[in-house]
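Everything in the sequence shown is counted per the working numbering, starting at 65 for the first residue and increasing by one.
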Amino acid sequence: MKLSIRMVAVAAVLATAACAPQTSGTSSSDKDEKTGTLRVWLFQEVNNTPKEQVVDSVLAEFEKEHEGAEVTVEYIPVETRAQRIKAAFNDPGSAPDLIEYGNTDTAGYVKDGGLADVTEDFRAWDEAEDTDPTARQSVTVGGKVYGVPYFVGVRALYYRTDVFEELGLDVPKTQAELISTAKRIRAAKPELYGLAVGGAYTYGAMPFIWAHGGELATGKGGSYAAAIDSAAARKGIEAYTSLFGDDNCPAAKCAAMTGNDTITAFAAGKAAMAIGGDFSDAAVEAGTVKGAYAVVPLPGVKAGSIAPAFAGGNNLGVLKSTTHRTLAVDLMKRLASKEAQGELFEAMGFLPTFSDVRQQVAAKEAFVKPFVETLAADTKFVPASPAWAQIDAGQVLPTMFQEVVSGKKDVDSAAADAAKKMNDAFRSVG
Numbered sequence: 065m066k067l068s069i070r071m072v073a074v075a076a077v078l079a080t081a082a083c084a085p086q087t088s089g090t091s092s093s094d095k096d097e098k099t100g101t102l103r104v105w106l107f108q109e110v111n112n113t114p115k116e117q118v119v120d121s122v123l124a125e126f127e128k129e130h131e132g133a134e135v136t137v138e139y140i141p142v143e144t145r146a147q148r149i150k151a152a153f154n155d156p157g158s159a160p161d162l163i164e165y166g167n168t169d170t171a172g173y174v175k176d177g178g179l180a181d182v183t184e185d186f187r188a189w190d191e192a193e194d195t196d197p198t199a200r201q202s203v204t205v206g207g208k209v210y211g212v213p214y215f216v217g218v219r220a221l222y223y224r225t226d227v228f229e230e231l232g233l234d235v236p237k238t239q240a241e242l243i244s245t246a247k248r249i250r251a252a253k254p255e256l257y258g259l260a261v262g263g264a265y266t267y268g269a270m271p272f273i274w275a276h277g278g279e280l281a282t283g284k285g286g287s288y289a290a291a292i293d294s295a296a297a298r299k300g301i302e303a304y305t306s307l308f309g310d311d312n313c314p315a316a317k318c319a320a321m322t323g324n325d326t327i328t329a330f331a332a333g334k335a336a337m338a339i340g341g342d343f344s345d346a347a348v349e350a351g352t353v354k355g356a357y358a359v360v361p362l363p364g365v366k367a368g369s370i371a372p373a374f375a376g377g378n379n380l381g382v383l384k385s386t387t388h389r390t391l392a393v394d395l396m397k398r399l400a401s402k403e404a405q406g407e408l409f410e411a412m413g414f415l416p417t418f419s420d421v422r423q424q425v426a427a428k429e430a431f432v433k434p435f436v437e438t439l440a441a442d443t444k445f446v447p448a449s450p451a452w453a454q455i456d457a458g459q460v461l462p463t464m465f466q467e468v469v470s471g472k473k474d475v476d477s478a479a480a481d482a483a484k485k486m487n488d489a490f491r492s493v494g
C-alpha cells in the first residue's frame, strides 16, 4: 500500500530535530511557534485506512487555516505505546507535539511530567460542556485537565438468539439469572460455553464487582486505598468466579482467557453468550454467528438494573515539550470535535464522548443502543492514580481471579492478597 504523505517512518520521526523552543506555563520550552511541522502519534488500528481518512480530512482543513503549518502523523502500535511515549517524555527532541493515549494512562503520564495542562483551553472550548462526566474524569488529574476525550468504549451482553429460541430461554434480567442461564445452556449443549468468561478479562469482571456495590479502591487525588477485599467486592468476585467450571466455562480452558479470547469464542459459535464492547461488533459480524445474535446491557443485581461498566476509550493530549502549543491545542480540539467524532464512529464504530452525538448515532445504528443505555445508566473508571499502570501491568486482578478459579485460594485470601499488592503500588507513588 502506498504510504500517505502524512505518515512518517519511525526512523524519520526519531531523527527529526526539535523545533525552536516555546513559552507556556505548562511547557518546558520558551517559544510558541505558529508555523512549521507538528508531529502527531495516533494508534494503529486493525483496519487503519478508515481512521486515516477521517484524520486526513481534519488535517487538510487545519493546514488550510494555518498557513505555514503542516502536520505529519505516525500510527504507532498500541502494544508498544508505553515504551514509545515514555521515551518521548525523556527526549523532547524526538517527541511528537500531540499524542493519542489510553484513558487509563492519564495519571501515569501526568506523574511522568509528559502531558501539558490544558485546563483553561478545555474550559474555553464550547463543545466541552457536552462531554460526558466519565470521559471528562478520564482526562482529569488533581482537578486539572490534561487532554480531551477522543472516543469511549463500554461492554454489554452478546447472546445467541438461535440458542435462546431453541432452548426457550428468556434474556437474563439479573446477574443471578445470567449465571443460571449460562449453566442451563451448558447442560443442554455441552459443546458450548454458556457464557464465555476469562480469568484474564479484568474489564469483563469489573461489572460484577461494581454491581454488588464493591469498588476497586477508595480515595481521590494522590491518595487511594484498595477496596477489592471489602465484603461487597468479595460478593462480586464470587459471582464472577462461579462462572468458571465444567458447568459453564471450564477453568482449565477459561482461566487464562482474555477479553479478545471470549469474543473470538462467541464469534466462532463456541459460546452462547459473551461480554463484549461496541468495538467487538465488527469481529462478531465477521464470525459464524452473524445474523443470529443480539446485544443487551449486562444486567445488574436487581431486575431491570444495568451493571456499571468500565468506561474505556482513548484521549488526545498535548506534550509539555511541544514547541507549537497553540497549534497543537487547536489540532487536538479539531481531531476530537463533535464532527470528527461522528465521522470516526461512521468509519470505525468508536463511540463519541459527547452525549448528544452519541444519541444521534444511536438513532441511526441499532447496535449502538445497548451501549448507549449502558453509558447512560452508570459507568466507572479505574483509580486516577499513576499506580494503576503498575497494578495493571502486574496482573494483580487477573492473578486474584485465577487463584480463585484454580482452587489455590478462597475468595477472602485472594482478595486480601490483591488488596495488599494494590496498596503497595499506591504507596509507591506517594
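Virtual Cβ for every residue (Gly too), placed ideally from N, Cα, C.
Under the three-pair Cβ rule at 8 Å, the segment 237 to 253 counts as touching the segment 347 to 364.
Pairing residue 206 with residue 254, the inter-Cα distance amounts to about 51 Å. Only residues of its own chain outside the window of five on either side were considered, and among them 242, 245 and 363 have a CB closer than 7 Å to the CB of residue 236, listed in chain order. According to DSSP, residue pairing for residue 164 in a beta bridge involves 380.
In this chain, the alpha helix (DSSP H) harbouring residue 273 covers 266 to 275. Taking the CA atoms as reference points, residue 472 sits about 14 Å from residue 480. For residue 223 against residue 374, the beta-carbon gap comes to about 20 Å, at or over 8 Å, which does not count as contact. The C-beta of residue 169 has 16 or more other C-beta atoms within 10 Å across all chains shown, which makes the residue buried. Straight across, the Cα-Cα distance linking residue 432 with residue 426 is about 5 Å.
Straight-line measurement puts the Cα of residue 405 at about 30 Å from the Cα of residue 284.
With fewer than 16 other beta carbons inside 10 angstroms of its own, residue 491 counts as exposed. In terms of Cβ geometry, residue 381 and residue 163 form a close pair [threshold 9 Å]. By the neighbour-count criterion, in which 16 or more other beta carbons inside 10 Å mark a residue as buried, residue 97 falls on the buried side. When the Cα atoms are used, residue 413 and residue 116 turn out to be separated by approximately 14 Å. Rounded to whole angstroms, residue 171 and residue 350 show a C-alpha spacing of 36 Å. Taking residue 281 as the centre and dropping the five residues before and after it, the same chain places the C-beta of 288, 289, 290, 291, 447 and 486 closer than 7 Å to its C-beta, in chain order.
Secondary structure at residue 292: coil, using DSSP grouped into helix, strand and coil.
395 is the residue among 347, 395 and 156 whose C-alpha sits nearest the C-alpha of residue 124. Runs of the alpha helix (DSSP H) spanning 4 or more residues and lying entirely within the segment 295 to 349 occur at 295 to 305, 315 to 318, 323 to 331 and 345 to 349, in chain order. Contact between residue 454 and residue 489 holds, since their C-beta atoms are separated by about 4 Å, short of 8 Å. By the neighbour-count criterion, in which a residue is buried when 16 or more other Cβ atoms sit within 10 angstroms of its Cβ, residue 187 is exposed. An exposed status is given to residue 147, since fewer than 16 other beta-carbon atoms sit within 10 Å of its beta-carbon.
Here the C-alpha atom of residue 135 lies approximately 35 Å from the C-alpha atom of residue 443.
Remark: C-beta atoms of residue 167 and residue 257 do not approach each other more closely than 9 Å. Rounded to whole angstroms, residue 460 and residue 271 show a C-alpha spacing of 17 Å.
In the displayed model, residue 452 falls within a helix according to three-state DSSP. Taking the Cα positions, residue 326 is about 13 Å away from residue 308. The C-beta of residue 202 has 16 or more other C-beta atoms within 10 Å across all chains shown, which makes the residue buried. Burial of residue 407 is indicated by the presence of at least 16 other C-beta atoms within 10 angstroms of its C-beta. By the beta-carbon neighbour count (other beta carbons within 10 angstroms, threshold 16), residue 434 is buried.
The three-state secondary structure of residue 138, taken from DSSP, is strand. Shortest Cα-Cα distance from residue 301 to any of 106, 109 and 462 involves 462.
DSSP places residue 242 in the helix class (H, G or I) of the three-state scheme.
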